[in-house]
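Residue numbers (our numbering): 1415 to 1530. A quick write-up on the structure given underneath.
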């Protein structure tokens, strides 16, 4: 396989060779609605600011690729594919959130019908 120079589409700098595994990011990232946006929007430090990033994501043609990237890496911070880190299962500190069982899983909570 030939050596390929990867160029960051935003900074136009050559990526280090150890990042060649991130080729999938550079393939779709140039078409992202967020390309050229302020990264602060996608890595907010205050709660509630992620909504601005999610609005940009709603119209993104590569939203599926972005979310898949975040889940495969995994990306522990920021908004990727319109989903916050918490929505992808990460705490504010970048640690996995505990998995919880959905409430009301038994059939006893369902309304009972009677045959007439």
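Ideal placement from N, C-alpha and C gives every residue a C-beta, glycine not left out.
Looking only at DSSP bridge pairs, what is residue i linked to?
i: residue 1497; result: 1494
On the criterion of 16 or more Cβ atoms from any shown chain inside 10 Å, does residue i qualify as buried, or is it exposed?
i: residue 1454; result: exposed
i: residue 1477; result: buried
i: residue 1472; result: exposed
i: residue 1507; result: exposed
i: residue 1462; result: exposed
Residue range of the alpha helix (DSSP H) that residue i falls in?
i: residue 1472; result: 1464-1472
i: residue 1531; result: What is shown of the chain runs 1415 to 1530, which leaves residue 1531 out entirely.
Determine the direct distance from the alpha carbon of residue j to that of residue i, and round the result to whole angstroms.
i: residue 1514; j: residue 1450; result: 37 angstroms
i: residue 1459; j: residue 1465; result: 12 angstroms
i: residue 1445; j: residue 1483; result: 14 angstroms
i: residue 1468; j: residue 1457; result: 11 angstroms
i: residue 1479; j: residue 1486; result: 10 angstroms
i: residue 1448; j: residue 1512; result: 30 angstroms
i: residue 1498; j: residue 1443; result: 18 angstroms
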